[in-house]
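Report on the structure given below.
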Amino acid sequence: MAVRDPIAMFMKEHDAALVQLRILKKSAEEMKKNGYSEKVFKQMLKAAAFVDEEVRVHNAKEEGALFPIVERYVDGPTNVMRDDHVRMAKIYKKLHYSITTMQASHDDKIAREELFDAAESIVQLMVNHIHKENLILFPLVKRFLTKDELREVAQRLL
């Protein structure tokens, strides 16, 4: 059985996350500007759930499969990525709280503002994080890890 390219897989997951982050940002902006809308709120809930579930799983895969192999050589880049992962989790808690508050009180302008701020923060952090990985970490990995090491990353993902 051929082993898939783990870096290509991570980048594909990044692409999916960027789509959901755009939806999250657009939905939050629309609700800030126009107030609560059931349709827009549902779009935002779906995007936020993706961020919570899929991104958390993605980050855990990076930390469990890729980072230990990279850290055989250097740990600076992975430390930065791990710090981003921790910050994402903290900001997501704020986003989740804001969503819950908005569900309880659709007309609460402060809740709407907090929701927008939390969504904006997580989108900005995650987009920057994805760019760091796609443009710095992954090219470094592809350049310096051997095929056997990349296979090891792939095996750890199974």
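Letter by letter, the sequence shown follows residues 42 to 199 in my numbering. Beta carbons are placed, not taken as given, at the ideal position from N, Cα and C, and that holds for glycine. These figures come from a predicted structure and were not determined experimentally.
Under the three-state DSSP convention, the category residue i falls into
i: residue 116; result: coil
i: residue 183; result: helix
i: residue 46; result: coil
i: residue 146; result: coil
i: residue 68; result: helix
i: residue 77; result: coil
i: residue 136; result: helix
i: residue 178; result: helix
Boundaries of the alpha helix (DSSP H) in which residue i is found, first to last residue
i: residue 162; result: 150–173
i: residue 99; result: 97–102
Local Cβ density within 10 Å of residue i, reported as buried at 16 or more and exposed below that
i: residue 98; result: exposed
i: residue 165; result: exposed
i: residue 51; result: buried
i: residue 45; result: exposed
i: residue 115; result: exposed
i: residue 43; result: Only weak support exists for where residue 43 lies, its pLDDT of 49 falling under 50; the value from the coordinates is given anyway. Exposed, because fewer than 16 other Cβ atoms sit within 10 Å of the Cβ of residue 43.
i: residue 109; result: exposed
i: residue 151; result: exposed
i: residue 49; result: exposed
i: residue 66; result: buried
i: residue 127; result: exposed
i: residue 199; result: exposed
i: residue 153; result: buried
i: residue 101; result: exposed
i: residue 157; result: buried
CA-to-CA distance, residue j to residue i, given in whole angstroms
i: residue 93; j: residue 133; result: 7 Å
i: residue 187; j: residue 90; result: 36 Å
i: residue 80; j: residue 160; result: 17 Å
i: residue 136; j: residue 190; result: 37 Å
i: residue 69; j: residue 173; result: 25 Å
i: residue 193; j: residue 73; result: 46 Å
i: residue 118; j: residue 95; result: 22 Å
i: residue 86; j: residue 111; result: 35 Å
i: residue 64; j: residue 130; result: 19 Å
i: residue 61; j: residue 168; result: 11 Å
i: residue 147; j: residue 58; result: 27 Å
Residue i beta carbon near the ligand MG (any heavy atom closer than 7 Å)
i: residue 96; result: In the structure on display, the ligand MG does not appear, and there are no ligands present to speak of.
Self-check item: Inter-stretch contact (C-beta, 8 Å, three-pair minimum) for the region 175–185 and the region 142–158
Solution: no
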